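Visitor: Just dropping this structure here.
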Amino acid sequence: MPTKDKSTQIRRSLSPTYCQRDFDEEIPTHKIPDVSRPADVVYRLIRDELDLDGNPSLNLASFVTTWMDDEAKQLAEDSINKNFIDFDEYPQTAVIHNRVVNMLADLFHAEIPEDSDLNSENPPFMGTATIGSSEAIMLGLLAHKWNWRKRNKANPNRSAKDQPYLIFGTDVHTCWDKFARYFDVNVKFVYMEPGKYRVTADDVEAILERRIVDDPEVMAQCEYTEEEAGDRKIGELVSAVGCVVCTTFTGDMDDVAGIDAMLTRNGWDIPIHVDGASGGFVLPFTETEENAELWDFRLPRVASINVSNHKYGLVYPGLGTVLFRNPTVVPEELFFDINYLGGEMHNYSLNFSRASSMVLLQYYNLLRLGRKGYGTVMKNCMDNAGYLVEQLQQDETLKQLFEPVSRTDRFPVVAFKFADDLPADIKFTLPELSHELKNSGWIVPAYTMPANAEDVTVMRIVVRENLSRDMAEMLILGLKESVSYLTNLTKDRAERPVKETQITASTDGYTTSDMADPSETVKGRAQHVC
Numbered sequence: 003m004p005t006k007d008k009s010t011q012i013r014r015s016l017s018p019t020y021c022q023r024d025f026d027e028e029i030p031t032h033k034i035p036d037v038s039r040p041a042d043v044v045y046r047l048i049r050d051e052l053d054l055d056g057n058p059s060l061n062l063a064s065f066v067t068t069w070m071d072d073e074a075k076q077l078a079e080d081s082i083n084k085n086f087i088d089f090d091e092y093p094q095t096a097v098i099h100n101r102v103v104n105m106l107a108d109l110f111h112a113e114i115p116e117d118s119d120l121n122s123e124n125p126p127f128m129g130t131a132t133i134g135s136s137e138a139i140m141l142g143l144l145a146h147k148w149n150w151r152k153r154n155k156a157n158p159n160r161s162a163k164d165q166p167y168l169i170f171g172t173d174v175h176t177c178w179d180k181f182a183r184y185f186d187v188n189v190k191f192v193y194m195e196p197g198k199y200r201v202t203a204d205d206v207e208a209i210l211e212r213r214i215v216d217d218p219e220v221m222a223q224c225e226y227t228e229e230e231a232g233d234r235k236i237g238e239l240v241s242a243v244g245c246v247v248c249t250t251f252t253g254d255m256d257d258v259a260g261i262d263a264m265l266t267r268n269g270w271d272i273p274i275h276v277d278g279a280s281g282g283f284v285l286p287f288t289e290t291e292e293n294a295e296l297w298d299f300r301l302p303r304v305a306s307i308n309v310s311n312h313k314y315g316l317v318y319p320g321l322g323t324v325l326f327r328n329p330t331v332v333p334e335e336l337f338f339d340i341n342y343l344g345g346e347m348h349n350y351s352l353n354f355s356r357a358s359s360m361v362l363l364q365y366y367n368l369l370r371l372g373r374k375g376y377g378t379v380m381k382n383c384m385d386n387a388g389y390l391v392e393q394l395q396q397d398e399t400l401k402q403l404f405e406p407v408s409r410t411d412r413f414p415v416v417a418f419k420f421a422d423d424l425p426a427d428i429k430f431t432l433p434e435l436s437h438e439l440k441n442s443g444w445i446v447p448a449y450t451m452p453a454n455a456e457d458v459t460v461m462r463i464v465v466r467e468n469l470s471r472d473m474a475e476m477l478i479l480g481l482k483e484s485v486s487y488l489t490n491l492t493k494d495r496a497e498r499p500v501k502e503t504q505i506t507a508s509t510d511g512y513t514t515s516d517m518a519d520p521s522e523t524v525k526g527r528a529q530h531v532c
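For what it's worth, our numbering labels the leading residue of the sequence shown as 3, then goes sequentially.
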């Protein structure tokens, strides 16, 4: 006679998953359960909960890749058990990592002499894979902070009270602010304005050339006396200028070339770090000689670049890469020599252990697609983004309501706001429109612009490779249906609310609280999460 436990096993093996007792019992959420459960039951419980998430294919808030080939998925499964950092145990994975870095350095026009041995321990550039652009940006800025210390020690006008500063726009990724706070660096912000959503050379020059004594903020932060500040300029304190290629808010592009030229013209030995998280994999495959706007290592002041491979590199999250113009950009003091993994490793990173699968998937895509394939994917994205803009500008209903504010000539991002001369019968807000679209499955975020343009509310559509023209047409149809529904729903309102949105962070980009209370509008800088 079978034992009680054996009988239970037999009964479970003969019963469909949903016949198990676990499906009519409360599952643990705060404490580890005392008993075990069958694998199929636990899988089903968790998998069913995930049905409450949004549909990744309809998530137009995110830049992050949501689709890859079946072969890529298999490759990820085959390698997910290999720790990327164990170079001595998995030497071929390390070789493939270096190949990816070499290919991206070439893509971003690093200076690579023809006789260079890229397989040597001393290539003419430096780079490393990271967990994402957040780590990549921090590694870049950390190197520039340490280099500033060295420059500052050689400055005959230096003061013991000097502190390092960064210059970047208020529309940057949250990790820029995190770096400044965590690594004790001050920031001189370039503020956005309605209709101006990029950092220009004039913006940066105005900060660099300003006398310290004329800036109350810097005087207070460094605790200078007027005598100590003297005639020194803020530029002496700047460790790096941050430029973004495809900004999160509007898909715009900072004037990297203009800023580079200004630094050279004015004699400032200040590096540029280019945040190419969203645009670094787009421009190399879409720009032509006629429309090229230089932003990479072709510019002499560009010392470091980061890119999010898990965005338009078309790899699942999370993978980023940071590249340095040459190995000397990273001070030797920031490297760690590690031997407790079985071999010698010269390491510069913040993160350590992680699966090697995403690095291998990037190599897979580079081989699978090549330049031609990436060019085709990016062209499709750009064409479909162009179609959406065309509909916003030409459709009889939509053209009265919306005004595009994005650089769709550069990036497949469609950001739009309400038209200035909005029809009187439009009483709903963009967050309400975002909410209504979400009821239909579409995730299209609405958010306020950063300071000092926070009175402008926009919606943004990120066109990824899996948004086909057919899907784009359905999105436009859904947008028009939502507009019609909300127009009728809010027709009895006295007027449209002035303050439109409350911002919360999504997995990537911005979402709004459902029908947010206008009194709870978040001002200032919204937070973009990678």
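All C-beta atoms in this analysis are idealised placements derived from N, C-alpha and C, irrespective of residue type, glycine included.
Here the structure is a predicted model, which is why all the values come from computation and not from measurement.
Using only CA atoms, which one of 130, 56, 451, 26 lies nearest to residue 253?
Guide: The sequence position of residue 253 within the sequence shown is 251, counting from 1. For residue 253, the nearest C-alpha among the options comes from 451.
Visitor: Nearest to residue 299 by alpha carbon, out of 109, 125, 377?
Guide: Position 297 of the sequence shown, counted from the start, is the residue given in the question as residue 299. It is 109 whose Cα lies nearest to the Cα of residue 299.
Visitor: Under the assumption that residue 165 contacts residue 94 (Cβ atoms under 8 Å), give the Cβ distance between them as a whole number of angstroms.
Guide: Position 163 of the sequence shown, counting from 1, holds the residue named residue 165. Position 92 of the sequence shown, counting from 1, holds the residue named residue 94. Not confirmed; about 45 Å, so no contact.
Visitor: When the Cα atoms are used, what is the spatial distance from residue 31 to residue 46?
Guide: Here residue 31 corresponds to residue number 29 of the sequence shown, with the count starting at 1. Here residue 46 corresponds to residue number 44 of the sequence shown, with the count starting at 1. Spanning the two alpha carbons is a distance of roughly 16 Å.
Visitor: What three-state label does DSSP hand residue 245 in the structure shown?
Guide: Along the sequence shown, one-based indexing puts residue 245 at 243. Strand.
Visitor: Can you list, in chain order, the residues of its chain with a C-beta nearer than 6 Å to that of residue 329? Leave out the 5 residues immediately preceding and following it.
Guide: Locating residue 329 in the sequence shown gives position 327, where the first residue counts as 1. Answer for residue 329: 128, listed in chain order.
Visitor: Using a Cβ distance threshold of 8 Å, determine whether the stretch 141–153 contacts the stretch 199–214, with at least three qualifying pairs required.
Guide: Too few Cβ pairs lie closer than 8 Å, so no.
Visitor: Considering just the uninterrupted stretch of the beta strand (DSSP E) at residue 374, what are its terminal residues?
Guide: Position 372 of the sequence shown, counting from 1, holds the residue named residue 374. Not the beta strand (DSSP E): residue 374 falls in the alpha helix (DSSP H), residues 359–396.
Visitor: Give the single residue among 369, 468, 345, 442 whose Cα lies nearest to the Cα of residue 384.
Guide: For the purposes of this step, residue 384 is identified with residue 382 of the sequence shown, where counting begins at 1. Of the listed residues, the one whose Cα sits closest to residue 384 is 468.
Visitor: With three or more C-beta pairs closer than 8 Å as the rule, is the stretch 73–81 touching the stretch 252–272?
Guide: No, they do not touch.
Visitor: Are the CB atoms of residue 455 and residue 194 within a distance shorter than 9 Å?
Guide: As a working mapping, residue 194 is identified with position 192 in the sequence shown. As a working mapping, residue 455 is identified with position 453 in the sequence shown. Cβ distance < 9 Å, so residue 194 and residue 455 count as in contact.
Visitor: In whole angstroms, what separates the C-alpha of residue 187 from that of residue 34?
Guide: If you number the sequence shown from 1, residue 187 lands on position 185. If you number the sequence shown from 1, residue 34 lands on position 32. Distance between the alpha carbons of residue 187 and residue 34: 42 Å.
Visitor: By Cβ distance below 6 Å, which residues in the same chain neighbour residue 316 in space, the five residues on each side in sequence not counted?
Guide: Translated into the one-based positions of the sequence shown, residue 316 becomes position 314. The residues are 67, 367.
Visitor: Which runs of the beta strand (DSSP E) spanning at least 3 residues fall entirely within the stretch 160–245, listed in chain order?
Guide: 167–171, 188–192, all fully within the stretch 160–245.
Visitor: Within 10 Å of its beta-carbon, does residue 205 have 16 or more other beta-carbons around it, so buried, or fewer, so exposed?
Guide: The count along the sequence shown starts at 1 and reaches residue 205 at position 203. Flag for residue 205 reads buried.
Visitor: Against chain B, does residue 312 count as a neighbour if the rule is that its beta carbon must be under 9 Å from one of theirs?
Guide: Going by chain labels, chain B is absent from the structure shown, which holds only one protein chain.
Visitor: Can you grab the Cα-Cα spacing for the pair residue 423 / residue 414, in whole Å?
Guide: The residue given as residue 423 occupies position 421 in the sequence shown. The residue given as residue 414 occupies position 412 in the sequence shown. Approximately 27 Å between the Cα atoms of the pair.
Visitor: Closest to residue 138 by C-alpha separation, out of 308, 335, 463, would be which residue?
Guide: If you number the sequence shown from 1, residue 138 lands on position 136. The candidate whose alpha carbon is nearest that of residue 138 is 308.
Visitor: Look at the alpha carbon of residue 360 and the alpha carbon of residue 321, and state the distance between them as a whole number of angstroms.
Guide: Taking the sequence shown and counting its residues from 1, one reaches residue 360 at position 358. Taking the sequence shown and counting its residues from 1, one reaches residue 321 at position 319. Cα to Cα, the separation comes out at about 6 Å.
Visitor: Buried or exposed: where does residue 319 fall if 16 or more other Cβ atoms within 10 Å of its Cβ makes it buried?
Guide: As a first step, residue 319 is located in the sequence shown; it is residue number 317 there, counting from the start. Classification for residue 319: buried.
Visitor: Is it the case that the Cβ atoms of residue 281 and residue 412 are separated by a distance below 9 Å?
Guide: Taking the first residue of the sequence shown as position 1, residue 281 is located at position 279. Taking the first residue of the sequence shown as position 1, residue 412 is located at position 410. It is a contact, given that the beta carbons lie within the stated cut-off.
Visitor: Tell me whether residue 476 sits in a helix, a strand or coil according to DSSP, three-state version.
Guide: Here residue 476 is taken as the residue at index 474 of the sequence shown, counted from 1. Note: residue 476 maps to helix in three-state DSSP.
Visitor: For residue 410 and residue 283, what's the separation of their Cα atoms in angstroms?
Guide: Here residue 410 refers to the residue found at position 408 of the sequence shown. Here residue 283 refers to the residue found at position 281 of the sequence shown. Each residue's Cα considered, the two are about 15 Å apart.
Visitor: If you follow the beta strand (DSSP E) that residue 325 is in, where does it begin and where does it stop?
Guide: For this step, residue 325 is matched to residue 323 along the sequence shown. First-last of the beta strand (DSSP E) with residue 325: 322–326.
Visitor: If the criterion is Cβ atoms closer than 9 Å, does the pair residue 347 and residue 169 meet it?
Guide: The residue labelled residue 347 in the question sits at position 345 within the sequence shown. The residue labelled residue 169 in the question sits at position 167 within the sequence shown. It is not a contact, given that the beta carbons lie outside the stated cut-off.
Visitor: Put residue 419 into one of helix, strand or coil per three-state DSSP.
Guide: Your numbering for residue 419 matches position 417 in the sequence shown. Strand at residue 419.
Visitor: So which of 39, 102, 461, 244 has the shortest CA-CA distance to residue 369?
Guide: Position 367 of the sequence shown, counted from the first residue, corresponds to residue 369. For residue 369, the nearest C-alpha among the options comes from 102.
Visitor: Have a look at residue 403 and residue 202 and give me their C-alpha separation to the nearest angstrom.
Guide: Mapped onto the sequence shown, residue 403 falls at position 401. Mapped onto the sequence shown, residue 202 falls at position 200. Taking the straight line joining both Cα atoms gives about 30 Å.
Visitor: When the Cα atoms are used, what is the spatial distance from residue 56 to residue 230?
Guide: Locating residue 56 in the sequence shown gives position 54, where the first residue counts as 1. Locating residue 230 in the sequence shown gives position 228, where the first residue counts as 1. One C-alpha to the other measures close to 57 Å.
Visitor: DSSP state of residue 57, grouped into three classes?
Guide: Counting from one through the sequence shown, the residue named residue 57 turns up at place 55. Coil.
Visitor: Below 8 Å on the Cβ atoms is my guess for residue 497 versus residue 429; work out the distance and round it to an integer in Å.
Guide: For this step, residue 497 is matched to residue 495 along the sequence shown. For this step, residue 429 is matched to residue 427 along the sequence shown. So it is a contact: roughly 7 Å between Cβ atoms.
Visitor: Please work out which residues of its chain come closer than 7 Å, Cβ to Cβ, to residue 389, disregarding the five sequence neighbours upstream and downstream, and give them in chain order.
Guide: By 1-based counting over the sequence shown, the position of residue 389 is 387. Result list for residue 389: 471, 474, in chain order.
Visitor: Please classify residue 337 as buried or exposed, where buried requires at least 16 other C-beta atoms within 10 Å of its C-beta.
Guide: Along the sequence shown, one-based indexing puts residue 337 at 335. Counting Cβ neighbours within 10 Å, residue 337 comes out exposed, since fewer than 16 surround it.
Visitor: Whole-angstrom Cβ separation of residue 220 and residue 245, contact assumed at under 8 Å?
Guide: Counting from one through the sequence shown, the residue named residue 220 turns up at place 218. Counting from one through the sequence shown, the residue named residue 245 turns up at place 243. That pair is no contact at about 22 Å.
Visitor: With a threshold of 16 other CB atoms inside 10 Å of the CB of residue 260, please say whether the residue is buried or exposed.
Guide: By one-based count along the sequence shown, residue 260 stands at place 258. By the neighbour-count rule (16 or more Cβ atoms within 10 Å), residue 260 is buried.
Visitor: Which residue spans inside the stretch 66–126 form an unbroken alpha helix (DSSP H) run of at least 4?
Guide: Counting only runs of 4 or more, we get 72–81, 93–109.
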